Amino acid sequence: MRLASIAGRRGDPDADVTIADIAARAKGRGPRADGHAKALADPARLAALHESALLDTPAEESFDRLTRLAAKVVNAPVALVSAIDKDRQFFKSCLGLPEPWATNRETELSHSFCQHVVTAREPVVITDAREDERVLDNPAIRDMGVIAYLGIPLFAGDGQAIGTLCVIDHEPRIWKSEEIKLIQDVAAAVVTEITLRTSGVPAARAG
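Heads up, the sequence shown is in the numbering used here, so the first residue is 37 and it goes up one at a time.
As structure tokens, then:
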């Protein structure tokens, strides 16, 4: 299955998403449980997710290298490549997670910020989760120290949002437009890696 480039706006890889754009879309938009669950359980989306071969697979250096890069370029303590199933999120790669999540490499959706990226189909930028109506009751704030969050959707070739690349900080943080663009660029590399992996073409790897 061919995967498309990372999208800032509904699958457009050339979109230049600013903080103002994202804030304007999110303003006044709280979680809508029924529509949210329906979007996550959409059969076409789940089919694309399973075709990506991300779920329940071992950690791979090619993905771990990209999470390390994402964390480094924005100086964030946590970076994740997440695959969002209908009732859980699986971490294909994780850097900086506390235990037991670092070992388990998955959480229930109750702890997921990334699900909002998948259902919104656009970047989600959170300065302080404790004050954001979309996630203020998410137990990951308490259990995992998720305070500031920046998540970029990963799209399959058919346009389905299957997961995210995200970076997390344990303190409130205003994400700069340049940082959003940097993480979009790393996310594009994640999609390329998935494309190579699912097409059977070995990716070039540094020694």
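Glycine included, every Cβ here is placed at the ideal spot set by N, Cα and C. A quick note: this is a predicted structure, and the numbers were derived from the prediction, not measured.
Alpha-carbon to alpha-carbon, residue j and residue i
i: L105; j: V222; result: 8 Å
i: T231; j: G193; result: 9 Å
i: W211; j: A112; result: 11 Å
i: R141; j: D205; result: 19 Å
i: G187; j: C150; result: 7 Å
i: V182; j: A80; result: 30 Å
i: E87; j: T234; result: 8 Å
i: I162; j: I216; result: 12 Å
i: R178; j: R166; result: 10 Å
i: A224; j: A184; result: 22 Å
i: A95; j: G199; result: 16 Å
i: A84; j: D168; result: 30 Å
Same chain, Cβ closer than 8 Å to residue i, neighbours up to 5 away in sequence not counted
i: L82; result: D121, K122
i: V226; result: I42, F99, L102, V117, L190, L201
i: A107; result: P113, V114, A115, L131, G132, V203
Residues of its chain near residue i, where Cβ-Cβ distance is below 7 Å and the 5 sequence neighbours each way are ignored
i: W137; result: T143, M180
i: A77; result: K122
i: V110; result: V203, E215, L218, I219
i: L145; result: D123, R124, Q125, Q151
Local Cβ density within 10 Å of residue i, reported as buried at 16 or more and exposed below that
i: E97; result: exposed
i: D92; result: exposed
i: R209; result: buried
i: K63; result: Note on K63: pLDDT 43, under 50, position unreliable in the model; no value is reported.
i: P159; result: buried
i: K128; result: buried
i: G71; result: exposed
i: D173; result: exposed
i: E207; result: exposed
i: E229; result: buried
Beta bridge counterpart(s) of residue i as assigned by DSSP
i: K204; result: The sequence given here has Ile at residue 204, not Lys. The partner list for I204 (beta bridge, DSSP) reads V114, Y185.
i: R124; result: E144
i: G197; result: In the sequence on display, residue 197 carries Ala and not Gly. According to DSSP, A197 bridges with F191.
i: A119; result: F126, G199
i: L131; result: A115
i: V222; result: Beta-bridge pairing links V222 to no other residue.
i: I162; result: Y185
Close Cβ partners of residue i (< 6 Å) along its chain, the five nearest in sequence each way excluded
i: A197; result: V154, R157, P189, F191
i: L90; result: A119, K128
i: V171; result: F149, A165
i: G132; result: P113, V114
i: A176; result: H147, V182
Proximity test, Cβ basis, 8 Å: residue i and chain D
i: A107; result: Going by chain labels, chain D is absent from the structure shown, which holds only one protein chain.
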